[in-house]
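Quick note on numbering: the sequence shown equals residues 8 to 359 in this note's numbering. All C-beta atoms, glycine included, are put in the ideal place defined by N, C-alpha and C. Since the structure is predicted, the reported quantities are computational estimates derived from the model, not experimental observations.
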Amino acid sequence: MDSTYNLRKMMATWRLLAGIVLAAAAVAVPAGGQTGPGPDNRGNTLRQIATLDLPGPTGKRFDYLTIDRPDDFLLAAHLGAGILYVIDMKTNKLVHAIPGVPGIEGVVYVQELHRAYTSDSGDNEIGVVDLRQMKVIAKLPTQAKPDGSAYAAPFHKVYVSDERGKAVAIVDVRADKIVKTLHFNSETGMPQYDPVVRRIYVNLQEQNLFAEIDPATDRVIASYPVGECRSNHGMTLDPEHRRAFLSCEGNSLMTVFNLDTHKPIAYLPMAAGADVIKYDPGLRRVYVACFSGAISVFHEDGPDHYRKLQDFPVQYKVHSLAVDPVTHRVYAPEQQENGKPVARMVIYEAVQ
C-alpha cells in the first residue's frame with residue numbers, strides 16, 4: 008500500500024514538473040515574438056517628465072483613464088476617492104475634480120456631447136458627466152460592478168461591462184437610457200469598438216473567450232477562444248492591422264489576437280499583476296500597467312511579429328495608464344511612493 012502511494016505521488020510530481028516546463032516554454036518562445044532590449048543604452052523606453060499631485064485622499068486606488076482630444080483633457084478615475092479628475096494635458100494642471108461618482112472604475116468620452124460616462128461600482132450606476140458644467144447630471148442603474156467601457160460613435164451607444172453582473176449594459180447617449188443588457192456565462196472584462204468592421208468586442212474573462220457584438224442589432228455574433236491566455240481582462244486594439252492585444256491576468260501573458268481569423272497568434276510574458284493595456288499606433292507600441300511595479304512595453308514590428316522591449320519600473324500598485332497618440336506621452340496614476348501614500352499623476356515621454 009505504501010509503495011503504491013509513493014508511486015502515485017512520484018507520478019503526480021512528474022506530471023506537475025512537466026506542466027511547468029511546457030508552460031515556461033510556451034511563454035519563453037512566443038509565437039511570432041521575442042524579447043529584446045529597449046531603444047536606449049539603458050534599456051529604458053520611457054522617461055518621467057512631470058508629476059501632478061491630486062487633491063483626493065492619498066493611498067486610494069485609481070482606475071481607468073481616457074483622453075478628451077478636442078479639449079486636450081485627460082479624464083482620470085480615482086476609484087477609492089469617488090472622484091473624476093479633469094487634467095489639462097497642455098499644462099499638466101488640474102482643471103476640475105468632479106465628485107459624485109462613488110467607486111468610479113471606467114470612464115469613456117463622448118465627443119459630440121462633451122460628456123463622460125463613468126462606471127461607478129460604489130452604487131452600481133453609470134454616471135453621466137457634463138464636461139461643460141463639470142458635474143454629474145444623471146445616473147443610470149446597472150447590474151453589479153460596472154467596469155470598462157467603450158463608445159460606438161456611429162451608433163450613439165456606450166457599452167459598459169457589468170463585471171460581477173456578467174453582463175454588458177448598452178446606453179443610448181441621445182436619451183441617456185440603458186436600451187439593452189446582454190448577459191453572459193462569465194464575468195465581463197474590457198470592451199472595445201472596432202471602427203473598421205463596426206463591431207464591439209468584449210472579454211469573457213472566466214471562460215477565456217473573446218466575444219463579438221453587432222452594435223446595429225446588439226446581438227452577440229460569436230465568441231472565440233483566446234488560446235493560452237487565462238483571464239483575459241484588459242483589451243486594446245490596432246484596427247488598421249486587425250489586431251487586438253489582451254492582458255491575461257491569470258498567467259501574465261500579453262496575447263495578440265487576429266481580428267480577421269479570430270485566433271491568437273502570439274504570446275509574450277508580462278510583469279505580474281497586469282491590468283490596463285493601451286496601444287500607441289504612431290510608435291506601434293503596446294503598454295501594460297502591472298500592479299507588481301512595472302509597465303510592460305512591447306513593439307509591433309509588423310502584423311505577425313512582436314517583441315518585448317522592457318518591464319519599465321514604476322511604483323507598486325500602478326495598474327492603469329493612458330497613451331496620448333499625438334504626443335506619445337504616457338500617463339500613469341500613483342497611489343503610493345516607496346510605501347508612502349500619495350495621490351498623483353505621473354507623465355512620461357517615450358524614448359525612441
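Could you give the DSSP three-state label for Gln359: helix, strand or coil?
Residue numbering aside, residue 359 sits at position 352 when the sequence shown is read from its first letter. Looking at Gln359 - three-state DSSP - the assignment turns out to be coil, as it is neither helix nor strand.
First and last residue of the uninterrupted beta strand (DSSP E) at Gly241:
Here residue 241 corresponds to residue number 234 of the sequence shown, with the count starting at 1. Start and end: Asn239 to Asp245.
Would you call Val204 buried or exposed, if buried means 16 or more other Cβ atoms sit within 10 Å of its Cβ?
Numbered from 1 along the sequence shown, position 197 holds the residue referred to as residue 204. Its Cβ having fewer than 16 others within 10 Å, Val204 is exposed.
At what residue ranges does the region 258-294 contain a whole run of the beta strand (DSSP E), taking only runs of 3 or more?
260-265, 270-276 and 281-287
Nearest-angstrom Cβ-Cβ length linking Ala357 and His335, presumed shorter than 8 Å
By 1-based counting over the sequence shown, the position of residue 357 is 350. By 1-based counting over the sequence shown, the position of residue 335 is 328. About 4 Å; that satisfies the 8 Å criterion.
Express the C-alpha separation of Arg314 and Asn345 in angstroms, rounding to a whole number.
In the sequence shown, residue 345 corresponds to position 338, counting from 1. In the sequence shown, residue 314 corresponds to position 307, counting from 1. Each residue's Cα considered, the two are about 30 Å apart.
Starting from Gly155, trace the beta strand (DSSP E) both ways and give me its first and last residue.
Indexing the sequence shown from 1 puts residue 155 at position 148. Counting along the chain, the beta strand (DSSP E) containing Gly155 begins and ends at Pro153 to Ala159.
Looking at the strands, I want to know which residues DSSP matches up with Arg205.
Reading the sequence shown from its first residue, position 198 is the one you call residue 205. None; Arg205 has no bridge partner.
Could you pull out every unbroken beta strand (DSSP E) segment of at least 3 residues lying fully inside the region 45-91, listed in chain order?
53-60, 72-75 and 80-85
Let me check understanding here. Comparing Cα to Cα, which of His326, Pro288 and Ala273 lies closest to Gly280?
As a first step, residue 280 is located in the sequence shown; it is residue number 273 there, counting from the start. Nearest option by C-alpha distance: His326.
Count the other CB atoms within 10 Å of the CB of Gln342; is the residue buried (16 or more) or exposed (fewer)?
As a working mapping, residue 342 is identified with position 335 in the sequence shown. So Gln342 counts as buried.
If you count every other CB in all the chains shown that lies within 10 Å of the CB of Val333, and 16 or more means buried, which is it?
In the sequence shown, residue 333 corresponds to position 326, counting from 1. Its Cβ having fewer than 16 others within 10 Å, Val333 is exposed.
When DSSP labels each residue in this structure, what does Gln118 get in the three-state scheme?
As a first step, residue 118 is located in the sequence shown; it is residue number 111 there, counting from the start. Note: Gln118 maps to helix in three-state DSSP.
With which residues is Pro106 paired in a DSSP beta bridge?
As a position in the sequence shown, residue 106 is number 99, starting the count at 1. Note: Pro106 sits in no beta bridge, so no partner.
Cutting at 8 Å between CB atoms, please list the residues of its own chain near Thr224, excluding the five before and the five after it.
Residue 224 sits at position 217 when you count from the first residue of the sequence shown. Same-chain partners within the cutoff: there are none.
Based on the DSSP secondary-structure assignment, which residues constitute the bridge partners of Tyr124?
Residue 124 sits at position 117 when you count from the first residue of the sequence shown. DSSP output for Tyr124 lists Val115 and Val135 as bridge partner(s).
Which residues does DSSP list as the beta-bridge partners of Ala176?
Reading the sequence shown from its first residue, position 169 is the one you call residue 176. According to DSSP, Ala176 bridges with Val167 and Thr188.
Looking at the strands, I want to know which residues DSSP matches up with Cys297.
Numbered from its first residue, the sequence shown carries residue 297 at position 290. Paired residues: Ala281 and Ala301.
Along the chain, where does the beta strand (DSSP E) that runs through Val227 open and close?
Walking along the sequence shown from the start, residue 227 turns up at place 220. Arg226 to Pro232 is the extent of the beta strand (DSSP E) around Val227.
By the three-class DSSP mapping on this structure, what secondary structure does Gly346 have?
Working through the sequence shown from its first residue, we reach residue 346 at position 339. Coil.
Whose C-beta lies closer than 7 Å to the C-beta of Pro324 among residues of the same chain, with five residues either side of it excluded?
The residue you call residue 324 lines up with position 317 of the sequence shown. Reading off the sequence, residue 324 comes out as Lys, not Pro. Cβ within range, chain order: Phe298, Gln342 and Gln343.
Taking Phe252 as the reference, which of Phe305, Asp221, Ser230 and Pro202 has the closest Cα?
Numbered from 1 along the sequence shown, position 245 holds the residue referred to as residue 252. If we check each option's Cα against that of Phe252, Phe305 comes out closest.
For the beta strand (DSSP E) containing Ser254, list its first residue and its last residue.
Residue 254 sits at position 247 when you count from the first residue of the sequence shown. Here the beta strand (DSSP E) through Ser254 covers Arg250 to Cys255.
By Cβ distance below 6 Å, which residues in the same chain neighbour Lys347 in space, the five residues on each side in sequence not counted?
Translated into the one-based positions of the sequence shown, residue 347 becomes position 340. Excluding positions up to five away in sequence, the list is empty.
Taking just the CA atoms, how far does Pro276 sit from Val349?
For the purposes of this step, residue 349 is identified with residue 342 of the sequence shown, where counting begins at 1. For the purposes of this step, residue 276 is identified with residue 269 of the sequence shown, where counting begins at 1. Answer to the nearest angstrom: the Cα atoms are 29 Å apart.
Going by other Cβ atoms of all chains shown within 10 Å of its Cβ, with 16 needed for buried, is Val28 buried or exposed?
Along the sequence shown, one-based indexing puts residue 28 at 21. Here Val28 scores only 31 on pLDDT, less than 50, and its place in the model should not be relied on; the value that follows carries that caveat. Looking at its Cβ environment, which holds fewer than 16 other Cβ atoms inside 10 Å, Val28 is exposed.
With a threshold of 7 Å (Cβ to nearest heavy atom), would Gly66 be considered close to the ligand SAH?
Absence of the ligand SAH is noted for the structure shown, with no ligands found whatsoever.
Candidates Asp78, Pro109, Asp137 and His163: which alpha carbon is nearest Gly418's?
No statement about residue 418 is possible, as the shown extent of the chain runs from 8 to 359 and does not include it.
State whether the region 186-198 contacts the region 136-146, with contact taken as three or more CB pairs (one from each stretch) at a distance under 8 Å.
no
Just curious, the beta strand (DSSP E) that Leu314 is in, first and last residue?
Position 307 of the sequence shown, counting from 1, holds the residue named residue 314. Looking at the sequence itself, residue 314 is Arg, so the reference to Leu does not match. First-last of the beta strand (DSSP E) with Arg314: His312 to Pro320.
Where does Asn192 land, buried or exposed, given buried means 16+ other C-beta within 10 angstroms?
Your numbering for residue 192 matches position 185 in the sequence shown. Counting Cβ neighbours within 10 Å, Asn192 comes out exposed, since fewer than 16 surround it.
By the DSSP assignment, the beta strand (DSSP E) with Val143 in it spans what residues?
Your numbering for residue 143 matches position 136 in the sequence shown. Here the beta strand (DSSP E) through Val143 covers Lys142 to Pro148.
State yes or no: is the C-beta of Leu138 within less than 8 Å of the C-beta of Val178?
By one-based count along the sequence shown, residue 138 stands at place 131. By one-based count along the sequence shown, residue 178 stands at place 171. Contact flag unset, no.
Going by the CB atoms, is the gap between Ile207 and Ser254 shorter than 8 Å?
Along the sequence shown, read from residue 1 onward, the residue named residue 254 stands at position 247. Along the sequence shown, read from residue 1 onward, the residue named residue 207 stands at position 200. It is not a contact, given that the beta carbons lie outside the stated cut-off.
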